[in-house]
Each structure stands twice: as structure tokens, then as C-alpha cells.
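Engineer:
Numbering (our numbering), first residue to last: 147 to 391.
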């Protein structure tokens with residue numbers, strides 16, 4: 147870690163960003179970073195700015211102050227489609243799959259980009275179906291007919307089609323059955339082993355502490371605590387203090 151507690155080799159750096167929705171000041175100088183291939187958790191109660199932080203990184207919300215850097219380059223205020231090309235995958239809380247497209251058609255939307263050969267597209271599809279066997283079984287099924295957990299897997303798999311360097315995951319286990327939660331945890335582990343960084347926003351504290359290497363806790367639009375996940379597993383007082391759990 148660097149002296150300020152961040153990653154030694156930051157892939158993503160968020161520096162003192164502020165955001166507003168109209169007159170409402172949501173983020174008050176949020177700073178964090180994610181190293182290459184690192185899984186970092188962002189914890190906090192509902193409505194404290196976690197999702198807004200991801201949206202600011204993903205180009206959905208534009209910071210009113212501060213900056214976001216990716217591989218050392220400022221990407222602040224770049225549009226979302228440009229960020230996707232740079233290697234930033236984003237899986238929103240509402241998943242945003244295409245309900246009237248089949249599973250395969252949904253995945254192919256992530257393959258429609260310059261320079262991806264037909265052979266490479268097949269490799270990526272096969273790899274995704276290997277990670278998510280249930281999607282392989284349902285490849286010809288419409289996205290809107292999948293269960294909530296299956297739709298979440300499809301959203302993550304579609305982001306993986308972009309071959310991202312980092313995936314921003316917003317509440318991936320919300321409303322899922324325990325079996326599906328376990329499968330989402332497994333796929334976060336697969337991404338980590340494949341060298342894909344993950345910035346994970348979650349309400350599921352045990353999963354976040356298990357999956358992440360470092361944790362930020364945010365309260366009222368401010369990062370209040372930052373520590374290695376192992377430290378918080380040994381002493382969860384900051385989690386009780388800021389999340390009341």
C-alpha cells in the first residue's frame with residue numbers, strides 16, 4: 147500500500163470528487179483508488195452516495211469538482227461509451243439487460259465493437275458460458291424471462307464481453323437467494339483470478355469482507371474509514387459505527 151493507504155499500483159484513482167443532483171450535494175470530496183486486479187469494497191448505509199460514486203466513475207453523473215483518473219489519465223466527464231472502450235465495465239443496480247433479446251443476443255451487444263474478430267467473439271462467448279453454465283442452458287431464452295439471479299449473471303457476463311480492466315458492480319446480490327449470492331461471490335473470485343479489478347458496492351457485509359482486499363466505508367457522501375478487509379474481519383467496530391450492523 148501507498149502511504150495514504152491506497153493501492154501501490156492504482157488502476158483507478160478518484161480524487162476529492164463532489165457531485166450534485168440539482169441543489170442536493172451528494173458526494174463531499176470522495177477519494178479512493180483501486181489497484182490492478184484488486185477487489186475493493188465500498189460499504190455504507192442506503193442513500194449515502196455509494197451508487198453515485200460508481201456513476202461518477204462510469205460517466206453517468208458528472209462531478210462538479212475533483213477528478214477521476216484511469217491508468218494515470220484524467221477521464222473526468224468523459225461519456226460512458228468512451229469509458230467502456232477504455233476498459234471500464236459498469237453493472238448498474240437495475241441490471242439494464244434487454245428483456246426482448248435472447249441471452250446470446252444480450253451478450254452480443256457487448257461484442258459489437260471495432261477490432262473484435264469472429265473467432266474472438268466466439269472465444270468470449272464460450273468463456274462466458276463456461277463461467278455461467280445456467281446462461282449456456284438458457285442461451286435462446288429471452289432476457290426478461292430469466293430469474294433475478296440469472297439476469298444479474300447476464301448483466302455481469304455482458305460487461306465481461308468488453309474485456310474490461312475493471313468492473314464496477316452496484317449491489318449485485320440485492321434480492322437474490324443465498325444460492326445465487328454464493329454464485330455471484332464465485333464469479334467475483336473468477337474476475338480477481340483473471341486479473342480484472344472490481345469496485346464492489348454492496349449491502350452484504352460478509353460477502354464484501356470475504357471478496358475484497360480493501361474496504362472503504364462511506365457516510366453522508368464522505369469516506370469515513372478505509373482499511374484492509376482482513377483488519378475489518380478481525381475488528382468490525384467501524385462497520386458497527388458507520389453502518390449500525
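Just so it is clear, CB atoms sit at the ideal spot from N, CA and C, and this is done for glycine as well.
Could you tell me if residue 323 is buried or exposed, where buried requires 16 or more neighbouring beta carbons within 10 angstroms of its beta carbon?
Structural biologist: The residue in question, residue 323, is exposed, as its Cβ has fewer than 16 Cβ neighbours within 10 Å.
Engineer: Given a threshold of 16 other Cβ atoms within 10 Å of its Cβ, counted over all protein chains shown, does residue 386 qualify as buried or as exposed?
Structural biologist: Per the 10 Å Cβ criterion, exposed.
Engineer: CB-CB under 7 Å to residue 209, same chain, minus the five flanking residues each way: which ones, in chain order?
Structural biologist: So the list reads 163, 164, 165, 202 and 222, once near-sequence residues are dropped.
Engineer: Can you confirm whether the segment 226-236 touches the segment 175-191 when touching is taken to mean that 3 or more C-beta pairs between the two stretches lie within less than 8 Å?
Structural biologist: The segment 175-191 vs the segment 226-236: no contact.
Engineer: Once DSSP output is grouped into helix, strand and coil, what is the label at residue 283?
Structural biologist: Helix.
Engineer: According to DSSP, simplified to helix, strand and coil, what is residue 336?
Structural biologist: In the structure shown, residue 336 sits in a helix (DSSP, three-state: H, G or I).
Engineer: Contact defined as beta carbons within less than 8 Å: I believe residue 173 pairs with residue 321. What is the distance between those atoms, to the nearest angstrom?
Structural biologist: Actually they are not in contact, since the Cβ atoms of residue 173 and residue 321 sit about 25 Å apart, beyond 8 Å.
Engineer: Below 7 Å CB to CB, which residues in the same chain sit around residue 358 once its five sequence neighbours on both sides are set aside?
Structural biologist: Taken in chain order, the residues that qualify are 185, 186, 187, 346 and 375.
Engineer: Roughly how many angstroms separate the alpha carbons of residue 372 and residue 180, rounded to a whole number?
Structural biologist: Each residue's alpha carbon lies about 12 Å from the other.
Engineer: Is the beta carbon of residue 281 closer than 8 Å to that of residue 300?
Structural biologist: The answer is yes: Cβ separation under 8 Å.
Engineer: Would you tell me roughly how many angstroms separate the C-alpha atoms of residue 147 and residue 361, rounded to the nearest one?
Structural biologist: Any answer about residue 147 is weak, because its pLDDT of 40 lies below 50 and its placement is not dependable; what the coordinates show is given next. Each residue's Cα considered, the two are about 13 Å apart.
Engineer: Taking one C-beta from the segment 240-253 and one from the segment 212-228 each time, how about it: are there three or more such pairs within less than 8 Å?
Structural biologist: Because the criterion of three Cβ pairs below 8 Å is not met, the segment 240-253 and the segment 212-228 do not touch.
Engineer: Output the boundary residues of the beta strand (DSSP E) element that contains residue 165.
Structural biologist: It spans 156-167 - the beta strand (DSSP E) in which residue 165 sits, taken as one unbroken run.
Engineer: So, helix, strand or coil for residue 308, using DSSP?
Structural biologist: If DSSP states are grouped into helix, strand and coil, residue 308 belongs with coil.
Engineer: Any idea if residue 266 is buried or exposed, counting beta-carbon neighbours within 10 angstroms, 16 or more meaning buried?
Structural biologist: By the 10 Å Cβ count, residue 266 comes out exposed.
Engineer: Is it buried or exposed, residue 274, if we count other Cβ atoms within 10 angstroms and call 16 or more buried?
Structural biologist: Burial call: buried.
Engineer: May I ask which residues mark the beginning and end of the alpha helix (DSSP H) holding residue 276?
Structural biologist: Element bounds for residue 276: 264-277.
Engineer: Based on Cα-Cα distance, which residue from 207, 214 and 196 lies nearest to residue 156?
Structural biologist: Among 207, 214 and 196, the Cα nearest to that of residue 156 is on 214.
Engineer: Report, in whole angstroms, the separation of the C-beta atoms of residue 253 and residue 303, which I expect to be a contact under 8 Å.
Structural biologist: About 6 Å separates the two Cβ atoms, so the contact holds.
Engineer: From the DSSP output, which residues share a beta bridge with residue 371?
Structural biologist: Paired residues: 363.
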